Structure formats: C-alpha cells, structure tokens
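Structure first, then comments.
Numbering (UniProt numbering), first residue to last: 1 to 274.
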C-alpha cells in the first residue's frame, strides 16, 4: 500500500471563532472526509505543539527524532524531522502553545525541547479523559470549547517563565527572527549572559536558536508560497542560499525544495490565520 500526501480538497479544516481564542494559543481541527493512506511532512513551528488524535480506527503515527509514537502527542521546540502517517479517516486537533504558555500549562517547556512524547507524560492522568471528551464531541466548536476550558483550568497552576524571557520571545517572533540578542538584553535590563542562561533554562533553547527557528518558519512560508530559495534566503536574513539549505536540514530534516512542497504548509493560512 503506497503512502501519499493527502488531497487537501478532501480535508475539513476548522478554526475557533476569534472570540474564544486564548492569548498565546492557536488551535485548528483537521479531518479527512474519505478514507486514505497518508504520509505528511510536518515542518517545525516555533511553538510547543499538542496533536490530539481523534481518528477513527487506525489513527495517526508520528515520527520525530528517531522516536515513533501512536495517538496523541506533545512536541517541543526543535523536534527535527517530523512526519505524520496513517490509514483511514484521520482527524486531529492541533494546539500550538507559545513557550511561555506551554510552561504555564504543562510545566517547563525546557523539558520538551527537541522531544516528542505521549501527551500524558506532560499533561498527567487527565490526558485520557480530555481525549475521550474531544472524541465524544459532535462539533469542532464543542471541541474547541472543551480544549479551551482544559487549558484555562491549568493556566494558574504551574510556574511561569520570567516576564523578561516571555518579552524576548515575543520580540523575536515579531521580528521574524532578525533580532540582536545583545539589543534584547539591553531592552529588558539584563546582561547578555543572564538572558542567555535564563532563556535556556526556562525554554530549553538559547535566544539565538529561538531566532533561528522563528526565521526558518518565515522562510518556510515564503518557500511554500512559491518563491525561489535564493530570494527567500535574502529576504529572510540568511547569508546566502547554502546557509538556508543548512538551516533547513538542521531544523526540519528537509531541503528547501522539500519544504516548499511540504503539504502541511499548503493550508497553513487557512488553519492558522495571521
């Protein structure tokens, strides 16, 4: 049986109404309308990502960092090459958490950096009940409401990152990764060494690595939009095209041409309206 990318015309995409969205949280629901065999390259995103499997039958299998995991997973920052495979009618609720929000919801985002683990490893005993409720819901609006309530219930119970660390992350994403660490340290009144240490301790990556991940996310979307690698490299702040190629292989395990063809990005603007 051959594996193929899904026909996105056959995929239902749902997003929550803006009035029910939480700051630092993105959600989207995906469901194939007809059974299929699928193998999807998922390009790394600058977030901690929860993939809640709502499939009928076989369900999804995720592969990342040499690990293979069936069902519902949590994926930290910089997981490397990430693929989703499956057979049948696939359905998934994907939740993207800014690292500061992920720490407040799951515990330390640093513990997930570079990893993919079963959701119950970071959510705890309530993970199975949450998934059961989501599977039993009869509409995406109900699923979004259930997920939002579950996140809100956990937001006040966990340690949070320093406001300075959260600020530097937001500035990095707003600048599409083209920021100077020394300048950000000055903005929050810290030394470069202190910012580097606190950021890495609390988010699991350095400020420089965060900037690389955010910059690559911007470049990946330009590639998916059909722009050539040389132009994307120049517009995204890479030294040259070979620099973009190296970064693409390091972050996503894919060449720029493979990123441009990655089917997950084909519906990104629909699933994650900016």
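Where a beta carbon is used, it is the ideal one built from N, C-alpha and C, also for glycine.
Note that the structure is predicted; figures quoted are calculated from it, not measured.
Around the beta carbon of residue 191, fewer than 16 other beta carbons sit within 10 angstroms, so the residue counts as exposed. CA-to-CA, the gap between residue 139 and residue 231 works out to about 42 angstroms. Where residue 105 is concerned, the enclosing alpha helix (DSSP H) starts and stops at 99-106. A direct Cα-Cα distance of roughly 11 angstroms separates residue 102 from residue 166.
Secondary structure of residue 40 (DSSP, three-state): strand. Here the alpha carbon of residue 40 sits roughly 18 angstroms from the alpha carbon of residue 115. With fewer than 16 other Cβ atoms from the protein chains shown falling within 10 Å of its own Cβ, residue 257 counts as exposed. For the pair residue 113 and residue 76, the CB atoms are nearer than the 8 angstroms cut-off. In this structure, the CA atom of residue 56 is about 6 angstroms from the CA atom of residue 89. For residue 183, the three-state secondary structure derived from DSSP is helix. Straight through space, the alpha carbons of residue 147 and residue 240 are spaced by roughly 42 angstroms.
Linking residue 80 to residue 243 through their CA atoms gives a straight-line distance of about 17 angstroms. Inter-segment contact for the stretch 34-52 and the stretch 82-98 is present: three or more beta-carbon pairs are separated by less than 8 angstroms. When DSSP reads this structure, residue 135 sits in no beta bridge, so it has no partner. For the 8 angstroms CB-CB criterion, residue 161 and residue 100 form a contact. Residue 86 is positioned such that its CB atom lies no closer than 8 angstroms to that of residue 121. DSSP, read as helix, strand or coil, puts residue 72 in coil. Using a Cβ-Cβ distance cut-off of 8 angstroms, the stretch 45-52 and the stretch 204-218 are in contact, since at least three pairs of beta carbons, one from each stretch, lie closer than that value.
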